[in-house]
Amino acid sequence: MLKRGLDKVGSLWLVLVTVLALTYFSVSQVNAVEAVNINTADVATLASELVGVGPEIAKRIVEFRERHGAFKSVEALVDVRGIGPALLEKNLSILTLE
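In this text, residue positions in the sequence shown follow this note's numbering: the first is 1, and each later residue adds one.
Here's what the structure looks like:
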């Protein structure tokens with residue numbers, strides 16, 4: 001009975017360590033994404049690197065930039081149709097102007 005209880009504790013520790021390791025490496029991969037310069041990125045880059053941004057919204061970003069000039073702030077992306085505060089927030093950590 002005691003041995004079975006120890007086996008369960010050992011199994012739980014193994015599961016916990018595995019979950020923590022997988023979480024760590026998953027977060028490392030997310031952090032490996034390079035910054036995306038919204039003033040120079042093309043449609044393909046914007047669509048592939050930004051969360052929730054497909055080819056259509058990426059095209060709008062580039063067209064907006066061509067019409068109005070370089071973005072003065074990352075937050076100015078919300079002026080592009082289809083980008084709201086929630087979508088901006090999801091991508092804020094990788095967006096840059098340089």
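Even for Gly, the Cβ is constructed at its ideal location relative to N, Cα and C.
Handout entry: Counterpart residues of residue 36 in DSSP-defined beta bridges
Key = 95
Handout entry: Euclidean distance between Cα positions of residue 66 and residue 42
Key = 11 Å
Practice task
Out of 69, 80, 49 and 70, state which residue places its alpha-carbon closest to the alpha-carbon of residue 61.
Solution key: 80
Handout entry: Buried or exposed by the 16-neighbour rule on C-beta atoms within 10 Å, applied to residue 91
Key = buried
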